[in-house]
Each structure stands twice: as C-alpha cells, then as structure tokens.
Amino acid sequence: DRPAVYCEEWADPPMAAGNWVPDLVRVAGGTAPLVAPGERSAEVDPETVAAADPDHVILHPCGKGERGDPEAFDARGWNLDAAVHAVDDSRLNQPSPAVVSGVDRLARLLHPDADLPEPWAAASETATATPTESDEGK
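Shown next as structure tokens:
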C-alpha cells in the first residue's frame, strides 16, 4: 500500500512540487497525487490538498535547506490527518546526485519499518548537493 504524499516546495502561495519530485516519491514507495511526474509545480489550496487525503506532508521549500517548519504548517489550520516532515531542499529540489539521498530520506519517512540496506542508509547521511569544507581546494 503506497502512502499519498503532498510535497510542498513553497508555502506562500502553497506549491505542490512537480518536475522530478513525483518520480522520487514513487521510487521511495509513495504516490504524489497532486502533480503528475514531469509536470511543473502547481499552486494548490487547502481544499485540493485535503481532497488528495495525504498520509504525509513533506516540506522542502526551495532555497531554505531544512527550514521547512512543521509547526507553522500545522498552524495554517488545514486539518489534514497527515504526518508532517521537513526535508532539506537540496535532497529533492536540485537535479543532482543528492536526490539519491532524498529518495532514501523519503523512503525512511514513508516506510519507517522498512529494512533498508546499511550502505544505502550511510549514503543518505553523507550525501550533499554543495561542497563541504573538506572539498575546498581539491
């Protein structure tokens, strides 16, 4: 059973993530009912999101890193019966190798009891879309 997922890439106005993000959700074992794979991100309203009946809300606002705020989302009063998570936008919004760690993060959020192989888990913790201090000067 694949959980329904609302991926929000922007909060004001609320935007459901499109492009490759619905494919990432599918690979992670979920469905993204608000935007078809390959379609552009779409502005949504609370009624549209509620009608999709998401099991999970993934907050990954563009350019904000891991600063999606589940408490601020809940304060909107959308009355969704969904788990709300913040994910670093570099794992989902940028077409880079970091999306591999994004799929892993999504899979772990959507299926917390799944037994993922350890190398996959380790890669998700170390992948980054930007150079680290240790990469500088190489």
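Numbering follows UniProt numbering, with no gaps: position 113 of the sequence shown is 113. Quick reminder that beta carbons are idealized off the backbone N, C-alpha and C, glycines included.
The alpha helix (DSSP H) with residue i in it runs from where to where?
i, result
"proline 22", "21–27"
"valine 103", "99–110"
"proline 46", "46–52"
"alanine 75", "70–75"
What residue from the options has the CA that sits closest to residue i's CA?
i, options, result
"residue 140", "Val99, Asp74, Ala107, Ala98", "Since the first and last residues shown for the chain are 1 and 138, residue 140 lies out of range."
"valine 99", "Leu24, Ala17, Cys7", "Leu24"
"glycine 63", "Glu8, Arg2, Asp1", "Glu8"
"alanine 28", "Ala42, Pro97, Val5", "Val5"
"arginine 105", "Pro14, His60, Asn79, Pro70", "His60"
"asparagine 79", "Asp53, Ser101, Pro117", "Asp53"
"arginine 67", "Ala114, His111, Asp89, Ala42", "Asp89"
"leucine 92", "Arg26, Arg2, Pro112", "Arg26"
"aspartate 1", "Ala51, Leu116, Leu110", "Leu110"
"proline 112", "Thr48, His56, Ala42, Ser96", "His56"
"proline 22", "Asp115, Leu116, Val103", "Val103"
Could you give the first and the last residue of the continuous beta strand (DSSP E) run that contains residue i?
i, result
"leucine 59", "56–59"
"glutamate 39", "Looking at the DSSP string, glutamate 39 is not in any beta strand (DSSP E), and its letter there is neither H nor E."
"proline 14", "14–16"
"alanine 83", "83–86"
"tryptophan 10", "5–11"
How big is the Cα-Cα spacing for residue i and residue j?
i, j, result
"valine 44", "alanine 17", "10 Å"
"aspartate 69", "arginine 76", "11 Å"
"tryptophan 20", "isoleucine 58", "15 Å"
"threonine 132", "proline 13", "Residue confidence for threonine 132 is low, a pLDDT of 48 falling below 50, so the modelled location carries little weight; the figure read from the coordinates is stated next. About 32 Å."
"arginine 40", "glutamine 94", "14 Å"
"alanine 50", "proline 37", "20 Å"
"methionine 15", "proline 3", "20 Å"
"glutamate 47", "glutamate 71", "20 Å"
"alanine 42", "serine 96", "22 Å"
State whether the segment 78–88 contacts the segment 25–33, with contact taken as three or more CB pairs (one from each stretch) at a distance under 8 Å.
-> No contact exists between the segment 78–88 and the segment 25–33.
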